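Per the numbering used here, the very first residue in the sequence shown carries number 4; after that it's consecutive.
Glycine residues also receive a C-beta, built at the ideal position from the N, C-alpha and C atoms.
Computed from a predicted model, the values in this text were never measured in an experiment.
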Amino acid sequence: MSTPSDLIVYTLEFCPNCDTLKHFLKEKAVPFQERDLSTAESLTELRINGVFVSEAPVLQRDTRFLTSAEMFSQGALREEQVIPFIEGG
Numbered sequence: 004m005s006t007p008s009d010l011i012v013y014t015l016e017f018c019p020n021c022d023t024l025k026h027f028l029k030e031k032a033v034p035f036q037e038r039d040l041s042t043a044e045s046l047t048e049l050r051i052n053g054v055f056v057s058e059a060p061v062l063q064r065d066t067r068f069l070t071s072a073e074m075f076s077q078g079a080l081r082e083e084q085v086i087p088f089i090e091g092g
């Protein structure tokens, strides 16, 4: 399973999908760091890694990323995408 330094959730202040993802990770006892997607530092980090997004959340594990569009469908968390990602699959 991931360690706190492995999993990063990029979020925005008023973001229902961010809250859903964080709640899901906490329920599964998955440690993560949270970073503010609106900061220049976060945007630069994502862009350096080829991630160009206009919405949150973005989930990072090591050098891999899942975007909001990949994690959510019609407002529902796609657990079948997130679980293998956080487990390193």
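Taking the Cα positions, Q63 is about 16 Å away from E83.
Residue pairing for A59: DSSP places it in no beta bridge. Across the set P87, T42, G78 and L10, the C-alpha of G78 shows the shortest separation from the C-alpha of D22.
For a cut-off of 8 Å, the C-beta gap from R38 to Y13 is around 5 Å, short enough to register as a contact. The beta carbon of L10 lies closer than 8 Å to those of L28, V33, P34, F35, Q36, L62, Q63, R64 and I89 in the same chain, with the five residues before and after it left out.
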